[in-house]
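*Asks:* If you read the sequence shown in this note's numbering, its first letter stands for residue 189, the second for the next number, and so on. Have a look at this one.
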Amino acid sequence: MDLTTSYMGLRLKNPVVASASPLSNTLDGIRRLEDAGAAGVVMYSLFEEQIYFQSFYIDYCLSHGTDSYAESQSYFPEMRDYNVGPDEYLRLIHDAKTAVNIPVIGSLNGATRGGWVEYARLIEQAGADALELNIYFLPASPYVTGEEVERRYVEILRDVKSTVSIPVAMKLSPYFSSVGDVARRLVDEGADALVLFNRFYQPDIDIENLDVTPRLALSQPHELRLPLCWVAILYGELLTDFAVTTGVHSYEDVLKSLMAGAKVAMMASELLKNGVGRVAEILAETERWMTEREYVSVNQMIGSMSRTHVADPAAFERANYMKMLASYKGRGQRPEAGGQ
Ligand SMILES: Cc1cc2nc3c(=O)[nH]c(=O)nc-3n(C[C@H](O)[C@H](O)[C@H](O)COP(=O)(O)O)c2cc1C
C-alpha cells in the first residue's frame with residue numbers, strides 16, 4: 189500500500205500530520221509524534237505579540253539599565269503559560285530538525301502587517317521545511333470592511349512570500365463572505381497550501397462572577413463537515429494543496445479528507461484527548477480499509493469525491509440544502525446532533 193503523499197512539495201510518508209498544538213512544544217513531544225507515525229509536524233505558533241513583547245522588553249531593559257523582568261513580563265502573562273519566547277522557538281525548530289526525520293513546519297500567528305513577519309525568515313534559517321501562517325484576526329469594529337480584512341491577509345502573505353523561499357501555507361477561518369474568492373486571491377499571491385479551517389475560540393460568560401472567560405473546547409467529529417465541504421468545492425478550481433484541519437478524529441475522517449481533495453489530514457484534538465498513539469491506530473485502520481477496497485495508493489483517492497468528480501456536483505451546493513430539509517420532514521427524523 190502506498191500511503192505517501194506530497195504536501196507543498198514535501199514528500200510525506202503518509203497523509204496524517206500533527207497540527208499546531210502544545211504537543212509540539214517540546215523536543216520530546218515532537219519525537220513522540222514521529223514515533224507514533226505522524227508524517228509531519230506543524231509547530232505550535234509563535235505569536236506576533238510575543239515577538240513585539242520581546243523587542244519591547246529588550247528596549248525596556250536597555251533604557252532602564254536594569255532587569256525589570258517581572259514588571260515587563262506582566263504585560264503578557266498568558267503567553268508564558270502556553271509558550272516559550274521567540275529565541276527558544278527558533279532553537280526548538282533547529283533541534284527538532286536534527287532530532288527527527290519528518291518535515292517540521294513552523295507556524296506564525298498574527299494579525300497585522302509589521303516587523304514580526306521578519307520571523308518568517310528566522311524560522312526558515314532555523315531549518316523549518318515550510319511555514320504555516322495563521323492570521324487570527326477578529327474584526328471587532330463594525331467599521332472594518334470585509335475588503336480591508338481580506339486585503340490584510342493578502343498583504344501579510346505577500347510580505348512573507350517576499351521574505352522566504354520555503355513553502356508557505358495559509359491557515360484560514362471560514363468567516364468570509366466568499367471563501368472561494370479569498371482562497372483564490374491567496375493562491376494567486378503564492379500560497380503553497382490552504383489549511384481549512386482554523387477554529388475561533390469564543391469566550392464564554394460567567395453569569396455568577398459576571399466575567400468573560402476564555403473557554404477552549406476540543407473539536408467534535410461533526411465539525412469536519414465544514415472544511416470537508418470547502419475542500420471538496422475548491423479542489424480542482426485552485427492550483428494549490430489543501431490540508432483539512434478541525435474535526436479529524438478517526439480513520440474515516442482521514443479518508444473523507446483525502447477524498448474531498450486534501451493532501452493531508454491534520455489532527456490536534458484527538459491526539460490531545462486520546463494520546464499521540466492514535467496516529468498509529470488511525471494509520472493502520474486507514475491501510476486496512478484501503479486494502480479491503482482494493483485501493484493501492486493514497487493518491488488514487490485524493491479529490492475522488494470533490495465537487496468536480498462526483499456524479500452530482502449539486503450535492504455541495506444549495507440544491508442539496510433544500511433536498512436535505514425536505515427529506516427530514518418526509519421521514520420524520522430527528523436531526524443528528526451537531527449536523528444541520
Ligand atoms: C490546545 C490547542 C492549542 C492550539 N494551538 C495552536 C497554535 O499555536 N497555532 C495554530 O495555528 N493552531 C493552534 N491550535 C489549533 C489546531 O492546530 C487545530 O487547527 C484545531 O484544533 C482544529 O483541529 P482539531 O479538530 O484536530 O483539534 C490549537 C488547538 C488546541 C486545541
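Backbone N, C-alpha and C define an ideal beta-carbon position, used for all residues, glycine too.
#1: Quick check on Y195: does DSSP put it in helix, strand or coil?
#2: Less than 8 Å separating the beta-carbons of L310 and V356?
#3: Using 8 Å as the Cβ pair cut-off and three pairs as the minimum, do the region 403-420 and the region 445-464 touch?
#4: If I'm right that L471 touches V204 with Cβ under 8 Å, what's the distance once you round it to whole angstroms?
#5: Let me confirm a value: V332 is counted as buried when at least 16 other C-beta atoms fall within 10 Å, else exposed. Which label applies?
#6: Beta-carbon separation of L211 and K201 under 8 Å?
#7: Can you tell me whether I393 is buried or exposed, with buried defined as 16 or more other CB within 10 angstroms of its CB?
#8: Under a three-way DSSP split, which group does S295 fall into?
#9: Just how far apart, CA to CA, sit V348 and D369?
#10: Which residues does DSSP list as the beta-bridge partners of S485?
#11: Going by C-alpha distance, which of L319, G298, R279 is nearest V292?
#12: What number of angstroms, rounded off, separates the C-alpha of Y195 from the C-alpha of A381?
#13: For P265, count the other beta carbons within 10 Å of its own beta carbon; 16 or more makes it buried, fewer makes it exposed. Which is it?
#14: Please name the residue in R387, Y307, M493, R372 whose C-alpha comes closest to that of T351.
#15: Per DSSP, what kind of secondary structure is D392 in: helix, strand or coil?
#16: Can you list the beta strand (DSSP E) stretches of 3 or more residues lying completely in the region 392-446, in chain order?
#17: Give me, in chain order, the residues of the same chain whose beta-carbon lies closer than 7 Å to that of N508; leave out the 5 immediate sequence neighbours on both sides.
#18: In the DSSP assignment, find the unbroken beta strand (DSSP E) run with A316 in it and report its ends.
#19: So which residues touch the region around ligand 3, with touch meaning a C-beta under 7 Å from any heavy atom?
#20: Excluding five sequence neighbours on each side, which residues of the same chain lie with their C-beta closer than 6 Å to the C-beta of Q528?
#21: Helix, strand or coil: how does DSSP classify S515 here?
#22: Since I believe A206 is in contact with A226 (beta carbons under 8 Å), could you give me their beta-carbon distance rounded to a whole number of angstroms?
#23: Just how far apart, CA to CA, sit E338 and E276?
#24: Please classify V464: does DSSP put it in a helix, a strand, or coil?
#25: Residue range of the alpha helix (DSSP H) that V370 falls in?
#26: In three-state DSSP terms, what is I323?
#27: If you draw a straight line from the C-alpha of M512 to the C-alpha of F235, how long is it?
#28: Please go through the region 194-230 and give each complete beta strand (DSSP E) segment of 3 or more residues, from N-terminal end onward.
*Replies:* Once the coordinates are examined:
#1: Locating residue 195 in the sequence shown gives position 7, counting from the first residue. Y195: strand per DSSP, three-state reduction.
#2: Numbered from 1 along the sequence shown, position 122 holds the residue referred to as residue 310. Numbered from 1 along the sequence shown, position 168 holds the residue referred to as residue 356. Against a cut-off of 8 Å, the Cβ pair of V356 and L310 comes out as no contact.
#3: yes
#4: Within the sequence shown, residue 471 is the residue found at index 283, counting from 1. Within the sequence shown, residue 204 is the residue found at index 16, counting from 1. Confirmed, about 6 Å.
#5: As a first step, residue 332 is located in the sequence shown; it is residue number 144 there, counting from the start. Its Cβ having fewer than 16 others within 10 Å, V332 is exposed.
#6: Reading the sequence shown from its first residue, position 23 is the one you call residue 211. Reading the sequence shown from its first residue, position 13 is the one you call residue 201. No.
#7: For the purposes of this step, residue 393 is taken as the residue at position 205 of the sequence shown. With fewer than 16 other Cβ atoms within 10 Å, it is exposed.
#8: In the sequence shown, residue 295 corresponds to position 107, counting from 1. Strand.
#9: In the sequence shown, the residue the question calls residue 348 occupies position 160. In the sequence shown, the residue the question calls residue 369 occupies position 181. Answer to the nearest angstrom: the Cα atoms are 20 Å apart.
#10: Start at 1 with the first residue of the sequence shown, and residue 485 comes out as number 297. The partner list for S485 (beta bridge, DSSP) reads D190.
#11: On the sequence shown, residue 292 is found 104 positions in, with the first residue counted as 1. Of the listed residues, the one whose Cα sits closest to V292 is L319.
#12: Residue 195 sits at position 7 when you count from the first residue of the sequence shown. Residue 381 sits at position 193 when you count from the first residue of the sequence shown. C-alpha separation (whole angstroms): 8 Å.
#13: Residue mapping note: residue 265 aligns to position 77 of the sequence shown, counting from 1. With a pLDDT of 48 at P265, under the threshold of 50, the modelled position of this residue cannot be trusted, and the question is left open.
#14: Indexing the sequence shown from 1 puts residue 351 at position 163. The shortest C-alpha separation from T351 is found at Y307.
#15: Mapped onto the sequence shown, residue 392 falls at position 204. Looking at D392 - three-state DSSP - the assignment turns out to be strand.
#16: 392-394, 399-401, 429-432
#17: Locating residue 508 in the sequence shown gives position 320, counting from the first residue. A502, listed in sequence order.
#18: For this step, residue 316 is matched to residue 128 along the sequence shown. Segment: none, A316 is in no beta strand (DSSP E) and carries neither H nor E.
#19: Among the ligands modelled here, namely ligand 1, ligand 3 does not occur.
#20: In the sequence shown, counting from the first residue as 1, residue 528 sits at position 340. Summary for Q528: the model assigns pLDDT 44, below 50, so the residue's position carries little reliability, and this model does not support an answer.
#21: As a first step, residue 515 is located in the sequence shown; it is residue number 327 there, counting from the start. S515: helix per DSSP, three-state reduction.
#22: Position 38 of the sequence shown, counted from the first residue, corresponds to residue 226. Position 18 of the sequence shown, counted from the first residue, corresponds to residue 206. About 5 Å separates the two Cβ atoms, so the contact holds.
#23: Within the sequence shown, the letter at position 150 stands for residue 338. Within the sequence shown, the letter at position 88 stands for residue 276. Cα to Cα, E338 sits roughly 32 Å from E276.
#24: Residue numbering aside, residue 464 sits at position 276 when the sequence shown is read from its first letter. The answer is coil: DSSP assigns V464 none of H, G, I, E or B.
#25: Position 182 of the sequence shown, counted from the first residue, corresponds to residue 370. Where V370 is concerned, the enclosing alpha helix (DSSP H) stretches over 367-376.
#26: The sequence position of residue 323 within the sequence shown is 135, counting from 1. If DSSP states are grouped into helix, strand and coil, I323 belongs with the strands.
#27: Here residue 512 is taken as the residue at index 324 of the sequence shown, counted from 1. Here residue 235 is taken as the residue at index 47 of the sequence shown, counted from 1. Cα to Cα, the separation comes out at about 42 Å.
#28: 198-200, 204-206, 228-230
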